[in-house]
Every structure is written in structure tokens, then in C-alpha cells.
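For the sequence shown, position 48 (counting from the first letter as 1) is numbered 195 according to the working numbering, and the numbering increases by one without interruption. Beta carbons: idealized from backbone N, C-alpha and C, even for Gly.
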Amino acid sequence: MKARRLPLVYPTASFAGLLFVLGAMWYAASSQNSPAVYLLLFALTAVFLVSIPHTLINLVGVRVAPESAQPAFAGQEVSLPVEISNSSRATRHGIELALSGSNRDRERIDYIPADKAARMTLRFPARRRGEHEIGALRLTSVYPLGFIRVSKKFASAQTYIVYPKPEGDPQLPSNGTSIPRSRLETEIGEGDDFAGVRAYVSGESQRHIDWKAVARGQPLMIKQFAAETEGVVHLDFSALGFANVEERLSQLALWVIEAERARRPYGLRLPGTEIPPAVGQVHFHQCLRALSLFQVGMPGSA
């Protein structure tokens, strides 16, 4: 990814402090006619001037390459892996990465050796559902003294998905087959036979996480228990009584999580879209993506 414009250079808050110190030293030197103070004044000024080209060249040869971000639920954080490469013949120091226009959510890397690359994860809030463009990434540096900042923007057309925030009643609807529903989460595991473990699904309850496995350094896994019966769950947007569209989508997102957690086949019906019953991670993300993009126009920037 190439820089969109020439680097911007502007002073930092520390620069104002430096000017105050230099001004005070100049006043003291001129009023007292002190050669020692003059010498110190000129030395500090020279150090500052010498640091400017070091700051300006610190981003030369540095490029960013964002990778695919995992989908996140609204209200959570988006994690965007980014590779920062240094094609120059000198080590680059004190580089910060952030979304353009954001002074928060800034990540820092201390140094990148010559002809090497480093990876970092940029995290920022997932504020609303839908598909969003990353927009532009901004690299900045105040190395070595912190008195001026150099900044470069890198445009990106890459997108990420934000799912609706799962909220509402966790009890699955009884609109499926005539087979009785599986028991609710509060009952699962009470006397059931242990049926194994599966990967934890972001946003679901942590009630049945295998914490012993986590303590051993393993990833988050959910304990599964044999359910009494199974039946297909039909998740229908039009069947919900909420007047607010976002409330309906949040409820459906929660039911998708609960149905996937219980490993019960579930289908999704939205106006203009119908996904047949299935189970599994591909189906899980297909349903959540449909909820995310429901009545959403063109992707916007974050």
C-alpha cells in the first residue's frame, strides 16, 4: 500500500515547551551577558535542528499492508492485523499506527530493522452493524526527540463486517418442528452426558467454557452436553413483535448464537432473503452477515 500524499510535518506539544526554555535561556544570557548560558542555548538549538532530518526520514521506506479483519459484534472491538515493512537500509524507530482521523486506538512499535517487517494488531470500536471500509491508515513518528511529528497516510479500500449486537431473550423460539426444543442454556449440563468440546463463538455466554483447558494455555472451548431432543429452529424477522428493526436484528443475532451453541439446525428468514436450516461455522457467519447487511446501503468508512 502506497502513501496517498507527501508526509505532513507539524510541531508537538513538547515543541512549545522547548521554545519556552530556549526563550528563557536567551533572556537570561542577554540580561546577564553570560557566555556559559549562550553556549548551552546554542547547543540545545543545534541538537533540535539536527533532530529534524532524523524525524523526517524515519518513515522513508515504511509501508503498511492491512490484512483481513475478523467480523465483530457491535459494541465489541475490531481487530485488524497489519504488517509494517521497512524497505530501507536503516532501522526505523518509534512508529505509531492509527486509523486516519482518530487520535485514539493508536498502536506503537519500537523499531523495525532494515529490510524487515513487523506485525501489529490495530484495535478500534465496532460502533454500528454493516460493512465498513477501513478508509485510511496513518503512520506517525516523533523519533528521536519528540519535538516534531511526521505523518503519512495510506489509503485502503479493504472492508470489515460488524454484526448486530446480540441482545434480547436467549430462549429459542418454538416455531420449528413438532419435536420438543432442546433445553435452555440454564438447563444444559445439569445431569446431561458430556458430549465433547467445540470452539467458543464470540458473543455467546461463557457459562460452559472449559476453564481448565484455558489454564493449560489452550484456546477458549465450550463444553457440550447431550440434549434431550433436537429440532429445527426457524428464525423469522417478520414473526417478531418489535417495531424497531435494530431490536429485531439484535434478537435474531442472539438466537443464531444460541442455536449454534446448542448445535441445533436453524434457518433464517428476512424480507427478500431466506437461508435454509443448517449448522456450522460457515452457516453461522452466513446468517450473521445477512443480519449485518440487512437494509444497509453501500459500505461506508469506519
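ask   = Where in the stretch 212 to 247 do unbroken runs of the alpha helix (DSSP H), each at least 4 residues long, occur, reported from the N-terminal end onward?
value = none
key: Cross-strand partners of GLY164 (DSSP beta bridge)   = GLY164 pairs with nothing; no bridge assigned.
ask   = What residue range is occupied by the uninterrupted alpha helix (DSSP H) comprising GLN433?
value = 428 to 439
request  = With DSSP collapsed to three states, give me the class of LEU155.
outcome  = strand
request  = Just tell me which of PRO418, LEU417, VAL403 and ARG416 has its CA closest to the CA of VAL429.
outcome  = VAL403
Environment of ALA409 [buried if 16+ CB atoms lie within 10 Å] = buried
query = beta strand (DSSP E) containing GLU280: first to last residue?
reply = 277 to 288
task = Kindly indicate the opening and closing residues of the alpha helix (DSSP H) around GLU394.
result = 392 to 408
ask   = Residue range of the alpha helix (DSSP H) that LYS312 falls in?
value = That residue, LYS312, is in no alpha helix (DSSP H); it is neither H nor E in DSSP.
request  = Confirm, please, whether the CB-CB distance from PRO218 to VAL229 is below 8 Å.
outcome  = no
message = Let me check understanding here. Comparing Cα to Cα, which of TYR157, ASP257, SER226 and SER161 lies closest to THR238?
response = ASP257
task = Return helix, strand or coil for GLY208, following the three-state DSSP convention.
result = coil
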